[in-house]
Every structure is written in C-alpha cells, then in structure tokens.
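Here the structure comes first, spelled out in structure tokens, and everything after it is commentary.
In this note's numbering, the protein residues as written are 1 to 89.
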C-alpha cells in the first residue's frame, strides 16, 4: 500500500527534527530513522495500530514520545506527527 505524507505532517516532522537536532544531532537522526522505518511497516500492516482519537484515523507510536496520525483510504495518508504530550485532536 502506498504511503503519502500530507504537507502539514512533513512540516511538523521537520520542525520536531530541527528542535531535537539543535540539542542532540544523534537523537534527531535516530528519531528520523525510526519514523521512516515505521512508515515502511505501516505500508505492510496499516491496520496493525490502534484506532485514533479522531474518527477515521489510526495512531502509531513510533517512539515513547511521538505518534504518527494517519488514515487508511485506499492508501495511507499520514496526517500528523505529534509529541505524545500535545493535545490531540
């Protein structure tokens, strides 16, 4: 199944990685690799992860502190990347 990042989700990811890289470049690289690896798994098993808090979404925990919010609609739309403490939806 095809994975498509929405522009807002990609922007959120870049903002998170920029913030982390200012403090710890290695940690930012690890998180980036974890998220990219998770999206490969997501393409193979889109329904493996829990139902989202917003209707029609699902949530994947990619790190104890970060979630990927996505929809499965003939393809996988990644809608958001959030810190676990952020208010959502």
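For glycine and all other residues, C-beta sits at the position ideal for the given N, C-alpha and C.
Here the structure is a predicted model, which means the values were calculated and not measured.
| query | result |
| --- | --- |
| Close Cβ partners of residue 1 (< 7 Å) along its chain, the five nearest in sequence each way excluded | 43, 46, 75, 76 |
| Spatial distance of residue 10 from residue 81 (CA atoms) | 8 Å |
| DSSP state of residue 75 mapped onto helix, strand, coil | coil |
| Beta-carbon gap between residue 28 and residue 62 smaller than 8 Å | no |
| Cβ neighbour criterion (16 or more within 10 Å) applied to residue 52 | buried |
| CB contact flag (residue 68, residue 3, <8 Å) | no |
| Range of the contiguous beta strand (DSSP E) that encloses residue 53 | It is not in any beta strand (DSSP E) - residue 53 carries neither H nor E in the DSSP assignment. |
| 6 Å CB neighbourhood of residue 5 in its chain, flanking five on each side removed | 78 |
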